[in-house]
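A.B. asks: For the first sequence, position 161 matches number 160 in numbering that gives the first Met the number 0, and the numbering has no gaps at all. Take this structure first; my questions come after.
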Amino acid sequence: MAKELKELTPRSVSYSQWYQDLVIKADLAENSAVRGCMVIKPYGYAIWEKMQRYLDDMFKETGHVNAYFPLFIPKSFLSKEADHVEGFAKECAVVTHYRLKNSPDGSGVVVDPDAKLEEELIVRPTSETIIWNTYKNWIQSYRDLPIMCNQWANVVRWEMRTRLFLRTAEFLWQEGHTAHATQEEAVAEARQMLDVYAKFAEEFMAVPVHKGVKSESERFAGAVDTYTIEAMMQDGKALQSGTSHFLGQNFAKAFDVTFASKEGTRDYVWATSWGVSTRLMGALIMTHSDDNGLVLPPKLAPFQVVIVPIYRNDEQLAQINEKVAGIVTKLKALGVSVKYDNADNKKPGWKFSEYELKGVPVRMAMGGRDLENNTVEVARRDTLTKETISCDNIENYIKGLLDEIQANIYKKAYDFREETTQKVETYAEFKEKIEEGGFILAHWDGTAETEALIKEETKATIRCIPLEGDKTSGVCMVTGKPSAQRVLFARAY
RNA sequence: CGGGGUGUAGCGCAGUUGGUAGCGUGCGUCGUUCGGGACGACGAGGUCGCAAGUUCGAAUCUUGUCACCCCGACCA
């Protein structure tokens with residue numbers, strides 16, 4: 000298996016296939032019987048669960064609570080916000096009937112034509128409409144605000160072409176939906192959640208991201224402003240990894256959600272929504288993986304350490320079992336998750352390769368020599384280096400090593416991103432450099448026409464207008480018109 | 001929806017001019033092994049995507065059909 004993987008490197012033209020192979024071989028997910036839908040396997044789901052837990056904690060810390068809204072949305076709800084329906088109509092699954100019956104010719108079941116729904120139900124592509132229809136009943140006074148709900152859910156978007164984790168017909172995500180009395184508060188909330196996402200990406204996933212604002216053409220359907228975090232993959236393509244939207248009063252107006260203000264006026268509510276999905280799994284895989292397989296950050300690995308015994312007979316295995324048990328206990332006491340794999344149906348070499356493929360951050364191997372010397376062999380997944388370490392105080396060494404690996408893979412990804420980011424002054428230069436992949440920082444006149452032209456001619460899009468970094472003005476590389484600041488271009492997933 | 005490709009054992013594949021269904025891996029049992037994907041022996045595992053046609057005979061030829069994959073178009 001590893002050999003097949005080695006034939007394709009992360010920078011090759013068949014990156015997409017290399018990626019999909021890796022997802023399957025590392026046991027993260029597989030295609031299902033339903034077109035475009037994905038089965039997330041236990042190992043992959045364990046990573047997602049960790050992501051969920053950390054994100055959920057961060058949401059709670061910033062004052063949010065969880066709730067759950069229905070999977071089905073009446074068709075009429077979706078059409079209330081004009082831009083919103085425009086953006087999602089083309090990819091919605093629709094429920095038209097509520098019953099099956101045995102087919103008259105006995106060949107199975109058919110949809111019962113008598114069970115046609117009066118109003119069709121849409122399988123949610125996102126929940127703004129059903130939630131705002133609900134919030135309307137929750138909000139009367141400024142005293143009811145803010146409402147800060149999040150839901151963990153699945154959504155369905157009937158995409159033409161799908162890719163495991165990056166774009167699937169059904170995906171898991173969280174969506175936060177908040178309602179506020181003032182514009183300032185709503186904008187601050189949208190910005191705050193963008194910061195939460197960026198922090199999560201960088202500190203937990205070890206994925207460096209650019210925070211920024213989307214241009215009008217890339218904005219969420221129904222939003223006033225869309226904030227985004229953009230990451231760079233190893234093949235030079237960008238990945239939108241999370242979004243936070245300032246929705247203005249668009250949904251409040253569409254669903255007639257008003258409140259009595261302190262001053263006695265009747266005002267429309269200000270809104271935000273924000274979400275990250277299982278697409279983050281794709282970002283994680285494509286940012287860190289190498290030719291040997293996955294590389295997982297210690298904070299998200301289902302288990303951080305795997306211990307492999309190397310033995311000649313049952314007696315030796317028993318000695319190793321005992322020795323390892325002591326180490327496992329000490330590691331667990333420090334909060335390190337460990338798997339001891341003493342299964343006897345696989346050889347050590349096989350296990351080494353397998354756990355590399357699965358991205359386990361640290362591998363420890365203990366054999367006869369180690370028993371004699373009171374040592375253990377420690378191998379790092381990020382650097383693929385090995386060293387022999389004394390068992391005394393090994394738990395603290397490992398604990399420190401995990402932190403070092405977490406920091407190192409972030410730095411590696413950060414350096415890669417910086418090396419592949421270029422500043423460009425002319426459009427001719429842009430057309431040349433965009434072929435190399437990576438981000439390009441260039442001036443743009445702010446018009447949708449120029450943006451569309453660039454996309455048409457180079458397939459590159461404006462990933463975002465960065466919130467941080469160089470803010471000096473200049474002139475548009477295409478039209479020569481004034482530009483307030485450089486914007487971030489790339490080809491994207 | 002356009003262009004290309006693939007459907008044969010759990011997985012990955014071969015199958016020439018139409019003539020007994022194969023290989024690798026995995027799986028089961030036994031033995032030797034075990035510091036980077038071990039080896040030997042024996043064994044189990046098949047509606048060749050589906051349907052029709054040509055033929056004495058079809059995995060192979062013809063027609064139809066279905067599914068999946070890749071490249072585009074599309075995509076908070």
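Don't be surprised by glycine CBs; every beta carbon is placed ideally from N, CA and C. For clarity, every value in this text was computed on a predicted model and none was experimentally measured.
Mind checking who Arg265 pairs with in its DSSP beta bridge?
C.D. replies: What you label residue 265 is simply residue 266 of the first sequence in a count that begins at 1. In the DSSP output, where bridge partners are listed per residue, Arg265 has Ala259.
A.B. asks: Taking buried to mean at least 16 other C-beta atoms within 10 Å of its own C-beta, is Tyr18 buried or exposed?
C.D. replies: Indexing the first sequence from 1 puts residue 18 at position 19. With 16 or more Cβ atoms within 10 Å of its Cβ, Tyr18 is classed as buried.
A.B. asks: Ordered along the chain, which non-local residues of its own chain (more than five positions away) have a Cβ less than 7 Å from that of Lys357?
C.D. replies: Position 358 of the first sequence holds residue 357. Correct list, in chain order: Ala25, Asp26, Tyr42, Gly292, Leu293.
A.B. asks: Taking the straight line between their C-alpha atoms, what separation do you get for Asp414 and Lys198?
C.D. replies: For this step, residue 414 is matched to residue 415 along the first sequence. For this step, residue 198 is matched to residue 199 along the first sequence. Spanning the two alpha carbons is a distance of roughly 18 Å.
A.B. asks: So the alpha helix (DSSP H) Ser75 belongs to, where does it begin and stop?
C.D. replies: Numbered from 1 along the first sequence, position 76 holds the residue referred to as residue 75. Its alpha helix (DSSP H) spans residues 74-77.
A.B. asks: Could you tell me if Trp131 is buried or exposed, where buried requires 16 or more neighbouring beta carbons within 10 angstroms of its beta carbon?
C.D. replies: Counted from its first residue, the first sequence places residue 131 at position 132. Classification of Trp131: buried, given that the 10 Å Cβ count is 16 or more.
A.B. asks: Any idea what DSSP makes of Ser288, helix, strand or coil?
C.D. replies: Position 289 of the first sequence holds residue 288. Here Ser288 sits in coil by DSSP.
A.B. asks: Use the C-beta contact count for Trp443: other C-beta atoms within 10 angstroms, 16 or more gives buried, fewer gives exposed.
C.D. replies: Position 444 of the first sequence, counted from the first residue, corresponds to residue 443. With 16 or more other Cβ atoms within 10 Å, it is buried.
A.B. asks: At which residues does the alpha helix (DSSP H) containing Trp47 begin and terminate?
C.D. replies: On the first sequence, residue 47 is found 48 positions in, with the first residue counted as 1. Its alpha helix (DSSP H) spans residues 41-60.
A.B. asks: By alpha-carbon positions, which one of Glu80, Lys346, Ile146, Gly175 ends up nearest to Gly274?
C.D. replies: Stepping through the first sequence from its first residue, residue 274 is reached at position 275. Measuring from the Cα of Gly274, the nearest candidate turns out to be Gly175.
A.B. asks: Under the rule that 16 or more other beta-carbon atoms within 10 Å means buried, what is Asn249, buried or exposed?
C.D. replies: Position 250 of the first sequence, counted from the start, is the residue given in the question as residue 249. Answer is buried; the Cβ neighbour count reaches 16.
A.B. asks: Are the Cβ atoms of Val307 and Lys345 separated by less than 7 Å?
C.D. replies: The count along the first sequence starts at 1 and reaches residue 307 at position 308. The count along the first sequence starts at 1 and reaches residue 345 at position 346. No. Outside cutoff.
A.B. asks: Please report the distance separating the alpha-carbon of Ala92 from that of Val423.
C.D. replies: Taking the first sequence and counting its residues from 1, the one referred to as residue 92 is at position 93. Taking the first sequence and counting its residues from 1, the one referred to as residue 423 is at position 424. Approximately 43 Å, taken between the alpha carbons.
A.B. asks: Using DSSP's beta-bridge definition, name the partner residues of Arg368.
C.D. replies: Along the first sequence, read from residue 1 onward, the residue named residue 368 stands at position 369. Paired residue(s): none; Arg368 is not in a bridge.
A.B. asks: Short check: CB of Phe164 to CB of Thr277, under 7 Å?
C.D. replies: Residue 164 sits at position 165 when you count from the first residue of the first sequence. Residue 277 sits at position 278 when you count from the first residue of the first sequence. In this structure, Thr277 lies closer than 7 Å to Phe164 by Cβ.
A.B. asks: Quick one: using the 10 Å Cβ neighbour count with 16 as the cut-off for buried, is Lys2 buried or exposed?
C.D. replies: In the first sequence, residue 2 corresponds to position 3, counting from 1. With a pLDDT of only 28 at Lys2, under 50, the local geometry of the prediction cannot be trusted, and no value is derived from it.
A.B. asks: With a threshold of 7 Å on Cβ separation, who are the neighbours of Thr420 within its own chain once the five nearest residues in sequence on each side are excluded?
C.D. replies: Mapped onto the first sequence, residue 420 falls at position 421. So the qualifying residues of the chain are Gly437, Phe438, Leu440.
A.B. asks: On the three-pair Cβ rule with 8 Å, is the segment 86-101 touching the segment 146-157?
C.D. replies: Taking 8 Å as the limit for Cβ pairs, the verdict is that the segment 146-157 does touch the segment 86-101.
A.B. asks: Rounded C-beta distance between Thr128 and Ile72? I'm assuming under 8 Å.
C.D. replies: Counting from 1 along the first sequence, the entry for residue 128 is found at position 129. Counting from 1 along the first sequence, the entry for residue 72 is found at position 73. Their Cβ separation, rounded to whole angstroms, is 6 Å, which keeps Thr128 and Ile72 in contact under 8 Å.
A.B. asks: Roughly how many whole angstroms lie between the Cα atoms of Lys338 and Ser240?
C.D. replies: As a working mapping, residue 338 is identified with position 339 in the first sequence. As a working mapping, residue 240 is identified with position 241 in the first sequence. The alpha-carbon atoms of Lys338 and Ser240 are separated by roughly 30 Å.
A.B. asks: Thinking C-beta only, is Asp224 closer than 7 Å to Phe245?
C.D. replies: Working through the first sequence from its first residue, we reach residue 245 at position 246. Working through the first sequence from its first residue, we reach residue 224 at position 225. Yes.
A.B. asks: Measuring alpha carbon to alpha carbon, tell me which residue in Leu452, Phe170, Thr227, Lys49 is nearest Val124.
C.D. replies: If you number the first sequence from 1, residue 124 lands on position 125. In the sequence as presented, Val is not what sits at residue 124; that position holds Pro. Of Leu452, Phe170, Thr227, Lys49, the residue nearest in Cα terms is Phe170.
A.B. asks: With a Cβ-Cβ cutoff of 7 Å, do Pro360 and Pro301 count as a contact?
C.D. replies: Residue 360 sits at position 361 when you count from the first residue of the first sequence. Residue 301 sits at position 302 when you count from the first residue of the first sequence. Their beta carbons are not under 7 Å apart, which means Pro360 does not touch Pro301 by this criterion.
A.B. asks: How is the beta strand (DSSP E) around Ile388 delimited, first residue to last?
C.D. replies: As a first step, residue 388 must be located in the first sequence, where it is residue number 389. From DSSP, the beta strand (DSSP E) with Ile388 extends over 385-389.
A.B. asks: Going straight from the alpha carbon of Arg368 to that of Val327, what length do you get?
C.D. replies: For this step, residue 368 is matched to residue 369 along the first sequence. For this step, residue 327 is matched to residue 328 along the first sequence. Whole-angstrom Cα-Cα distance: 19 Å.
A.B. asks: Mind pulling the alpha helix (DSSP H) runs of 4 or more residues that sit fully within the segment 96-162?
C.D. replies: Those alpha helix (DSSP H) runs which fall completely within the segment 96-162 and span 4+ residues are 127-137.
A.B. asks: The alpha helix (DSSP H) that contains His83, what's its start and end?
C.D. replies: Working through the first sequence from its first residue, we reach residue 83 at position 84. Looking at the DSSP string, the run of the alpha helix (DSSP H) that includes His83 is 81-87.
A.B. asks: Provide the residue(s) that pair with Val377 in DSSP beta bridges, ordered along the chain.
C.D. replies: Taking the first sequence and counting its residues from 1, one reaches residue 377 at position 378. Note: Val377 sits in a beta bridge opposite Met363, Glu386.
A.B. asks: Indicate the three-state DSSP secondary structure (helix, strand or coil) for Leu356 in the structure shown.
C.D. replies: The residue labelled residue 356 in the question sits at position 357 within the first sequence. Correct three-state label for Leu356: helix.
A.B. asks: I'd like to check one pair, His63 with Asn149: are the Cβ atoms closer than 7 Å?
C.D. replies: Counted from its first residue, the first sequence places residue 149 at position 150. Counted from its first residue, the first sequence places residue 63 at position 64. Yes, the Cβ-Cβ distance between Asn149 and His63 is below 7 Å.
A.B. asks: Can you tell which of Leu238, Gln303, Ser78, Tyr97 has the C-alpha that lies nearest to the C-alpha of Ile397?
C.D. replies: Within the first sequence, numbered from 1, the residue matching residue 397 stands at position 398. Selected option, being the one with the closest Cα: Gln303.
A.B. asks: In the DSSP assignment, the alpha helix (DSSP H) including Ala185 goes from what residue to what residue?
C.D. replies: Counting from one through the first sequence, the residue named residue 185 turns up at place 186. Unbroken alpha helix (DSSP H) run through Ala185: 182-198.
A.B. asks: Could you give the DSSP three-state label for Lys2: helix, strand or coil?
C.D. replies: The count along the first sequence starts at 1 and reaches residue 2 at position 3. The predicted position of Lys2 is uncertain, since its pLDDT is 28 and thus under 50; a value taken from the coordinates is nonetheless stated next. In this structure, Lys2 counts as helix in the three-state DSSP scheme.
A.B. asks: Where does Ala66 land, buried or exposed, given buried means 16+ other C-beta within 10 angstroms?
C.D. replies: Here residue 66 corresponds to residue number 67 of the first sequence, with the count starting at 1. It is exposed - the Cβ of Ala66 has fewer than 16 other Cβ atoms within 10 Å.
A.B. asks: Note down the Cα distance separating Thr177 from Glu456, rounded to an integer number of angstroms.
C.D. replies: As a position in the first sequence, residue 177 is number 178, starting the count at 1. As a position in the first sequence, residue 456 is number 457, starting the count at 1. The straight-line gap from Cα to Cα measures roughly 39 Å.
A.B. asks: Judging by CA-CA distance, which residue of Met476, Leu400, Ser214 is the nearest neighbour of Ala447?
C.D. replies: Residue mapping note: residue 447 aligns to position 448 of the first sequence, counting from 1. Of Met476, Leu400, Ser214, the residue nearest in Cα terms is Ser214.
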